[in-house]
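Working notes, structure below.
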Amino acid sequence: MRGESPQGTAQADTGAGSPNGREGPPSTGSTQAPKRAREPSDAFSRLQRAHRGLVWPLSILFVGTYLLTVWLAAYRAEWMAGPGAGPLSVGCIVVLMNFALSFAATLLYCAYANRRLDPLAAEARLFIAEGGEPITAAVSTGGEPR
Amino acid sequence: MSANGLSLLLFFTFVTSTLFITYWAKRRTQNSADYFAAGRGISGWQNGLALAGDYLSGATLLGVTGLIALYGFDGFLYLAGFLVAFLVVLVLVAELLRNAARYTLADALSLRLSERPIRTAVATSTLTISVCYLMAQMVGAGALLKLLLGLEGPVAGAGAIVAVGALMILYVAVGGMIGTTWVQIIKAVLLLMATGLLTVLVLAKAGFSLGSLITSAQTESGLREAFLAPGGYFKNPLDLVSLSLALVLGTAGLPHVLMRFYTVPNARAARSSTTWAIGIIGTFYLGLCVIGLGAAAFLGRAAIVEADPAGNMAAPLLAGVLGGGEDTLGGALFLAALAAVAFATILAVVAGLTITAATTFAHDLYAGVLRRGTVSESGEVSAAKKATLVIGAVSVVMAIAAQSLNLAFLVGLVFAIAASAHLPVLLLTFYWQRLTTTGAVLGIYTGLGSAVGLVLVSPTVIGPTGLVLNSVEPLFPLANPGLVSIPLGFVAAVVGSLLTRDSAADRAFQPLQVRSLTGHGAEEAVPH
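Here the protein sequences come in this chain order: Z and A. Heads up: the first sequence begins at 1 in the numbering used here, then just goes up one per residue. Heads up: the second sequence begins at 147 in the numbering used here, then just goes up one per residue.
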């Protein structure tokens, strides 16, 4: 669904991520951004914050849970071997919880990305397509381009 | 007709249909984006199946079933690690990489970092990973086909390795990424059908009572309560921690897994394909747990160990029993079908590894570093085809030479290299503005060097339990280097960056953020 983003490498190179790095904001002339009178959209910085705010806590949660499980299996083996529910040991329950957490985290991430991140990304793309500069004052200048 | 004859018949059916697909894929391949990235036209669910086909190896199907049947709990824990690992891919890597890369991991990194050093470093680690994994898979394939077909001697093993090598070269050199993708999709479907059927049959035989299945697995495994307790297989706690760390962090750095994300049209499709893959892989693993329990309950420890001490025959033998038992047509058919699925599984994985290695060689080393971007698109494709032949031939020769060795440790090593050399630099490129080229290159070589170096002096390679120098003591106590090499890789990349300046990498950080998060400027799908 990136249909609304501009086609062509010339635009892409000036917009973002050219392997050559970039020199300063595009008002120096490489894009034909005619006027910078538009209010700067903060869609991109909101996207960046929303993305980081989810992915790091979530990653720490599920990697941490798994490593805790491994630590329990390695160093608290007698506890993990104890009776859990029905025929299952405590360890089996903990491992099954890892499976359940994996599925839940997947659904949570997808729901958040679809509802929150995708609209922000679309807004930021639209803003760039209209000649806006997504990054405010974050780009240092000078130095040799690669 | 014997089970072996049936197996061969099913093998040939699979091979013939994949060769048709390869021919069809060749006709659809018109440019380099088609050859290297399937024209970026693979849909979410297709790529989800292909990811599962790429990731689930014969070692998982046969080895982990045996592990569960013989040791119980440790097998469950191992599977959970492989699943959680895919979440790291989904949440931290897949979409950003789809938007940043073209054909290889180095493409994404070189958007910020100096191109030639970073391409050389990533190509070195990618080729090391691919060759080690290919060796493990092909030696495993040789041993497996001998077991499954009841053959003896090194000639039969070599024959199996040559057959696998020849097919994988054909798939990749002729069919490119489109052919490889569809081989992986078909394999995933076959694998899911086979495990689904076996799971249902195991549950039916246990009267659909998980409790009675577990109770008889505990009894028949001879382990009783210990069957559901940790420590049956992983005796050294620190070894377990080290291996688990490598598994959970390594998947997100495996180049042949990451390469699948360059075949979808956009980040949304990358997300949905990872979601499909997690669903498929998780369900498959849960089925595998039931099958492992079934093997313990219905075969018993003695029969499993007698067929193969490592337990690799547990799944095929169980299939035979569920099909009606020895000397019945149903039993022979089931055993043959499972053998054919295992063969398909191996082929799909080695094809994925080979196209990754060939792409890295042609795109990063040849076109990017040696010829400094002066190679035409068709020149890159023909270089990749030649590289496929060379990589295929080299891995066949190495696998035949090493076929008497137990190379199962190479799988753990591959995950450790990916977690130590690739993941730190991949994450830092996307999430840390201060990363410099020097730091990244240092991180990659430190991660790669320490992972490989530590394994070479570990108990799996030297010392009484190792492959060589049985009289000396191993210098490193752990079988898997992850616990040391992963932190080393991260520290080297961070310290190397803090000690140097790289204004281009600094300036390119925000534009890469824009590209990777919004998809602005990302590679488009090829219209057909």
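The beta-carbon is built from N, C-alpha and C at its ideal position, and this holds for glycine as well. The model shown is predicted, which means the values in this text are computed figures rather than measured ones.
Check, Outcome
"Segment contact flag, the stretch 186-198 of chain A with the stretch 409-417 of chain A, C-beta cutoff 8 Å, min 3 pairs", "yes"
"Those residues which DSSP pairs with Val614/A across a bridge", "Ile608/A"
"Cα-Cα separation between Arg661/A and Arg580/A, rounded to whole angstroms", "18 Å"
"Strand pairing of Ser89/Z, partner residues [DSSP]", "Pro83/Z"
"Beta carbon proximity, Gly53/Z to chain A, threshold 8 Å", "no"
"For Tyr217/A and Ala319/A, the rounded distance between their alpha carbons", "41 Å"
"Test: Leu686/A CB closer than 8 Å to a CB of chain Z", "Chain A is shown from 147 up to 674; residue 686/A falls before or after that span and cannot be answered."
"Proximal chain Z residues relative to Gln659/A, where beta-carbon distance stays under 7 Å", "Gln48"
"Host alpha helix (DSSP H) of Arg414/A (start-end)", "Ala413 to Leu445"
"Chain-ordered neighbours of Arg262/A on chain Z, where CB pairs are closer than 9 Å", "Those do not exist, as Arg262/A stays about 10 Å from chain Z at its closest Cβ, beyond 9 Å."
"Through-space distance from Ala545/A to Gly311/A, alpha-carbon basis", "10 Å"
"8 Å contact criterion, which Met314/A and Thr500/A should meet: CB distance rounded", "5 Å"
"Min CB distance Val268/A to chain Z below 8 Å", "no"
"Burial state of Gly476/A (16 or more Cβ within 10 Å)", "exposed"
"C-beta neighbour in chain Z for Arg517/A, strict 8 Å", "no"
"Close-in-space but distant-in-sequence residues of the same chain around Pro411/A (CB under 7 Å, 5 per side omitted)", "Arg186, Gly187 and Ala671"
"Uninterrupted alpha helix (DSSP H) stretches inside the stretch 449-500 of chain A (no shorter than 4 residues)", "460-468"
"Where Gly132/Z meets chain A, residues with beta-carbon distance less than 7 Å", "Under the 7 Å cutoff, chain A gives no residues; its nearest Cβ is about 11 Å from Gly132/Z."
"Inter-residue Cα distance where the pair is Ser541/A and Asp510/A", "20 Å"
"Classification of Ala638/A by the beta-carbon crowding that lies within 10 angstroms, buried from 16 upward", "buried"
"Exposure of Phe430/A, with buried meaning 16 or more beta-carbon neighbours within 10 Å", "buried"
"Chain-ordered chain A contacts of Leu68/Z [CB-CB under 9 Å]", "Within chain A, no residue comes near Leu68/Z; the closest Cβ sits about 11 Å away, beyond 9 Å."
"Assigned secondary structure, Leu155/A (DSSP; H/G/I helix, E/B strand, else coil)", "helix"
"Proximity of Thr420/A and Ala183/A at Cβ, strictly below 8 Å", "no"
"Option nearest Ala282/A by Cα separation, candidates Val394/A, Pro300/A, Gly558/A and Phe444/A", "Gly558/A"
"Classification of Ile60/Z by the beta-carbon crowding that lies within 10 angstroms, buried from 16 upward", "exposed"
"Pairwise C-alpha distance: Asp42/Z and Thr326/A", "42 Å"
"C-alpha distance - Ile537/A paired with Val277/A, whole-angstrom precision", "8 Å"
"Tyr679/A - DSSP class collapsed to helix/strand/coil", "Any property of residue 679/A remains undetermined from this structure, which presents chain A solely from 147 to 674."
"Test: Ala86/Z CB closer than 8 Å to a CB of chain A", "What sits at residue 86/Z in the sequence shown is Gly, not Ala. Closer than 8 Å: yes."
"Closest residue to Ser45/Z among Leu347/A, Thr664/A, Leu155/A and Ser522/A (Cα-Cα distance)", "Thr664/A"
"Any C-beta of chain A under 8 Å from that of Ser41/Z", "no"
"Helix, strand or coil at Thr397/A according to DSSP, with G and I counted as helix", "helix"
"Best match in Thr575/A, Thr646/A and Phe555/A for proximity to Thr611/A [C-alpha to C-alpha]", "Phe555/A"
"Per-residue DSSP class, three states only, for Asp220/A", "helix"
"Short Cβ contact (8 Å threshold) for Leu634/A with Ser522/A", "no"
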